[in-house]
Every structure is written in structure tokens, then in C-alpha cells.
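Residue numbers (my numbering): 424 to 902.
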């Protein structure tokens, strides 16, 4: 039998990483025209994939991790380089299945972008999954190619050999490459309202093409059939835009991401979403509570590089609380400084993954002055789910179950200080009447056992038992 196994190691050992990112200077009129072309295409319901948006933010830092900083241009150019290798194996625009072993660093994003530039369907994989499950995924999805980092190479090599498929290993030197020269006139052709990228598929391909196939394995029963669902490029773009809008993210934000579990179900909604708007994603991995607190408080960090938004798992907040109690709790001045700094300089703190306990919520609020908002936003095709949810009329002064913060009291107040909704123990009193819609107001929270309500500083919406942050409000007060 012919052996199809091939191992391609992609790296660049000739040049050491420099902290200075590669620079390119596009004339402002090019960026303006490119942005206008994107706007017109999106107006026509044509999908502009995230990697093409990267050229709007060229020199900005896209991702920072333990290996360095990577600009949007670096991600674009190096993803494009990798995509050529993928196309040589799968064929450009063939929508072939490509398995990508994920990791908590820049390589996961680079590999996904490369798959999409080549016009393939990416299937995120984890080396910790059972080998039998990985084999089943490869056979079921007819995966033609595996891409891995050095961390998962042992499992990937064994898998590639057993299934007789090609394996590409990508390392950090490849992602750090800066040896290219970017020529805007050569890379992009614009005429009237048309934009064409050298070596890339047209946007109308991405309007209807599949982007990812997600398998849900973590926490599944051994005898349970592997569950999967497909995400199109349209779904992914909409997902990232919606989340960025809900959390009020802008290109000026720097998001600290501490998600060591690396959940393939929610990678787009919890990690990659800031890149759709030109923000900086700072990945902290492996987790170190001392270093994490230093990053949060901006200790020995230039002002321009300080984070202003935190996304982490609930267990991470527990560990940060323990570290705070161990180091800072006996120093009243430091305790006050931390709360003051976080209140003034951190825009939002989001908890992902496992359910957030009331104890963690209360302690974190006491330490930082921030209400932790849970993000259970799992990346899925949700339009079908919405069709299945009947719209019910909400009656005035209706009692609803309090499943949001059962041990805390909260209120939603309008701009004239009228209480629209408030919680009482295990129920919520809704002081309004409307047919299918969303209640919007200022969120006030009282810690367990306290009668004083404190403004969370956030404008929120409430619908169907869910509170979603829409953006910051004015300075906090007390009631």
C-alpha cells in the first residue's frame, strides 16, 4: 500500500525574534478606499473574512503571548505563506477538512487563518482527547491534512501515521517571520468598488462557504456519539461582531485572556473576537497568579500596553482571589489601591466556562469593584434555536425565577432612577409590561447580606432570564 504520510516542518531559523514589529506604511487613501470597499460588500451581504480585515490595522499589535508580540500584518502575511502549503496539499478553495491542534498562543489563530485563506474547513482538535476519538473524527470528516505545534506533535505524528495523512508542524519562528516586504500596490488591486487580493479567494466564496467544524467532546460520556456542528464564515463574522458590540470593544482595547482550558467550542466567542475590530489580544499562558496580578495592575508595563479588559475562567478568578488574600489582604493601602485602579482603568471583567459561584462573585466585587459577568456564549448556529423559542408576553409586576444571582440582590434602573426590575431572594420582580422585547437600564448590585446597592457602572439588557452588558455607564453611586 502506498504510504501517504508526509511530515512538513515549517520554520524560520535564520532570524531571531525582535521586539520591534515589522512596519508597513500604507497611504491613508488606500486604507480609506479599502474600508469603503469592505463596507459596500458587507452592505450587499457579502462576507469579508477576518484575515482581510487585518490589513486595516497593519502595524497594530494583534496578539501578545509569552513568545512575543505579533502585528496584524505579521499574522496576515505568515498565514498566507502557510496557506500556500495547505493549498498544495488540499487544492485552493476545495473546502477540504483540515485538523488543527489548538494551543493557547498565536499559532491557533495563524493556523485557522491559513486554512481559511486556502479555502478549507478547519476542525479544531485537542491532544488531550482520546486517541480513538481523534481517529473517529478524522475518518468521519475525511480530514486530508493535520496541522500542529510542537506541543502536540507526538500525538499528531502518531495520528497522521495511523491514518496515512499529511502532517504540517508550525513553530513560533514561522509566526515571527519578518523577512517579507509588503507592497500595497502589489498585494491589493482596487478599481471603483472592487477589491482583489493577490493570491486570495474572492469574498463571494466566503459568503456561502463553511469555515469550521466543531466537535463537542470535553465532558461527554464515553458511549455518547460524537456531536458536531458546522460554522460558516458568515456565522463566525456575525458571532465576533455581536460579541464585540455587546462588550463594547474597540480597536483601542487590550484584552487579557486567561483561559488555560482551551475550549474548542468557544474559541471564537471567548478568544478571537477582539481581532475583528483591531483590538489587541494578550494571552496569558501558562497561568501564574503573581504575573497575572502584575498584568492586571499594569505593574512595570508601559501605559500603551496596559490591559483594560479581562476574560478568564471562574477557577482563575478563584486563584487570583487566593493570591490577593495571601499577598495584599493585610495591607489596607494596597487593598484600596487595587480596587481604585481596577475601577478606574479596567473597562470590564468577564467570566467564561464553568458557572460562577456567588462566593467568587462577591469576593471579586469586594476586591476590584467589578461585577463579573458570565459569558456562556458558545459558538453555534443559533438562528434555528431562536425560531424554536416562543415569544411570551411579560406581565406587569410579574414574578420571575432569579437564576442570575440567587444569593445577591440586584436592580435595573432607568435614567430617571425608576426601578424597572429588582430581585428578592429566589425571585425577580419585573415592574414593566411589554410584549417581546428587551429591558435596558443601569445595573445596581448589593453583596450578600447587604442592603446598600452599588452602581456596577454598566448599562445592561435583560431578556429571557439573561443579563448582557451593553457598555459602561456614568460614575458609580450608592443607593
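Yeah, the Cβ is synthetic: ideal placement off N, Cα and C, and Gly gets one too.
All of these numbers come straight from a predicted model, not from anything done at the bench.
Looking at the backbone, the Cα of residue 528 and that of residue 842 are separated by about 44 Å.
Per DSSP, the unbroken alpha helix (DSSP H) holding residue 559 starts and ends at 554 to 564.
Residue pairing of residue 639 in beta bridges, as defined by DSSP: 650. In this structure, DSSP gives residue 754 a state outside helix and strand, which the three-state scheme calls coil.
In this structure, DSSP gives residue 691 a helical state, which the three-state scheme calls helix.
Each residue's CA atom was taken as its position, placing residue 573 and residue 711 some 22 Å apart.
Contact annotation: residue 590 and residue 580 have beta-carbon atoms nearer than 8 Å. Taking all protein chains shown into account, residue 881 has 16 or more neighbouring C-beta atoms within 10 Å of its C-beta and is therefore buried.
Annotation for residue 620: no alpha helix (DSSP H) segment contains it, though the beta strand (DSSP E) segment containing it runs 617 to 620. Just so you know, the alpha carbons of residue 548 and residue 635 end up roughly 11 Å apart. Close CB contacts of residue 540 within its chain, under the 7 Å cut and outside five residues either way in sequence, are with 474, 502, 503, 506, 623 (chain order). Note on residue 614: under 16 other CB atoms within 10 angstroms of its CB, so exposed under the neighbour-count rule. Counting C-beta pairs with one atom in each stretch, the stretch 650 to 661 and the stretch 756 to 764 have fewer than three that are closer than 8 Å, which means they do not touch. Within its own chain, the residues whose Cβ lies closer than 6 Å to the Cβ of residue 512, once the five positions on either side in sequence are excluded, are 568, 589, listed in chain order. Contact annotation: residue 518 and residue 674 have beta-carbon atoms that are not nearer than 8 Å.
Assignment of residue 705 by DSSP, reduced to helix, strand and coil, places it in the strand class. If you draw a straight line from the Cα of residue 736 to the Cα of residue 776, it is about 6 Å long.
Comparing alpha-carbon positions, the option among 451, 587, 606, 720 lying closest to residue 500 turns out to be 606. Using a 10 angstroms sphere on the CB of residue 713, the tally of other CB atoms stays under 16, which defines it as exposed. Taking 8 Å as the cut-off, the Cβ atoms of residue 481 and residue 495 count as close. Judged by DSSP in its simplified three-state form, residue 712 adopts helix. In the DSSP annotation of this structure, residue 470 is not part of any beta strand (DSSP E), being labelled neither H nor E.
For residue 797, the three-state secondary structure derived from DSSP is strand. Secondary-structure assignment with DSSP links residue 613 through a beta bridge to 618. By the CB criterion at 8 Å, residue 487 and residue 687 fall outside the cutoff.
Residue 676 sits away from residue 626, with the two beta carbons spaced by 8 Å or more.
Cα atoms of residue 611 and residue 498: separation of roughly 17 Å, rounded to the nearest angstrom. The beta carbons of residue 792 and residue 836 sit about 18 Å from each other, so the pair does not count as a contact at 8 Å. The shortest C-alpha to C-alpha distance from residue 652 to any of 666, 637, 693 is the one to 637. The C-alpha of residue 543 lies about 47 Å from the C-alpha of residue 867. Assignment of residue 664 by DSSP, reduced to helix, strand and coil, places it in the helix class. Under a 10 Å Cβ-count criterion, residue 685 is classified as buried, with 16 or more other Cβ atoms of the shown protein chains found around its own Cβ. In the structure shown, the three-state DSSP call for residue 579 is helix. Counting every other CB atom within 10 Å of its CB across the protein chains shown gives residue 789 a total below 16, marking it as exposed. DSSP places residue 456 in the helix class (H, G or I) of the three-state scheme. Residue state for residue 488 is assigned as strand, using DSSP reduced to three classes.
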